[in-house]
Amino acid sequence: MEPLMVGRVIGEIVDIFNPSVKMIVTYNTNKQVSNGHELMPCVISSKPRVDIGGDDMRLAFTLIMIDPDAPSPSDPYLKEHLHWMVTDIPGTTDVTFGKEIVSYETPKPVVGIHRYVFILFKQTRGRQTVKSLPSTRDHFNTRNFALQNGLGLPVAVVYFNAQRETAARRR
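If you count by this note's numbering, then the sequence shown holds residues 3 to 173, one letter each, in order.
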């Protein structure tokens, strides 16, 4: 939980929660997302694998991925920018078993270091209950979305940092 507080994910995006489900986010089969670690843009260009833990396939989860620093950390007037949304993911499986509501948009940070946050909610009312869907990717609000859909607090959160890849950094 401490890295989520240091990275201002707790407080700015979500409230304090009790992590109760294991979520593993992996890019390119071997780059696992760890709180606060940096991933290069070339690594995050394709959709990651997201494994959901738990012990009951009958439970359903919603995953969202946002950038709270869009278009720049010093002036995030588009925050939160929604990069991905998948609902109805059965417990003990991965996102490919869910329903992709908003397709994966490759992060392309232009200015500054951006945080990209994966937030997992348990759908307490069961499958096909996430009805209040976003009309745009910009100005998404995680707290309001959770409230409108009766999702409560997150059950898992992980984030990484990324910044624009310059020629010098690629070497």
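Heads up, the beta-carbon is just placed ideally off N, CA and C, and yes, glycines get one too.
May I have the straight-line CA-CA distance separating residue i from residue j, to the nearest angstrom?
i	j	result
Gly128	Gly154	13 Å
His116	Phe99	29 Å
Ala148	Asp17	11 Å
Arg10	Pro156	15 Å
Tyr106	Met87	8 Å
Pro92	Ala164	29 Å
Pro75	Lys110	13 Å
Gln130	Asp96	17 Å
His85	Ile103	11 Å
Phe19	Leu61	19 Å
Met25	Asn146	22 Å
Asn30	Ile12	27 Å
Val23	Arg51	16 Å
Ser36	His83	20 Å
Let me check understanding here. Comparing Cα to Cα, which of the options lies closest to residue i?
i	options	result
His141	Asn163, Thr89, Lys81, Lys133	Lys81
Asp58	Arg145, Lys124, Pro136	Lys124
Pro21	Leu6, Glu14, Arg51	Leu6
Phe162	Val132, Lys133, Thr28	Thr28
Arg139	Pro156, Ala72, Ser76, Gly93	Ala72
Ile68	Gln34, Val112, Ile15	Ile15
Phe63	Val160, Val35, Lys101, Asn37	Lys101
Pro136	Ile121, Ile66, Ala158, Tyr118	Ile66
Pro70	Val35, Val119, Val159	Val119
Gly152	Val160, Thr126, Val159, Ala158	Thr126
Gly56	Met3, Leu122, Gly38, Glu4	Leu122
Exposed or buried, residue i, counting other C-beta atoms within 10 Å across all chains shown (16 or more means buried)?
i	result
Gln2	Nothing can be reported for residue 2, as the shown portion of the chain is limited to 3 through 173.
Val113	exposed
Helix, strand or coil for residue i, going by three-state DSSP, please let me know.
i	result
Glu4	helix
Thr108	coil
Thr144	helix
Ile68	strand
Ile12	helix
Phe99	helix
Gln165	coil
Leu122	strand
Leu149	helix
Does the distance from the C-beta atom of residue i to that of residue j stay below 8 Å?
i	j	result
Ile54	Thr94	yes
Pro78	Glu167	no
Leu33	Leu41	According to the sequence displayed, residue 33 carries Lys and not Leu. Yes. Within cutoff.
Thr144	Ser47	no
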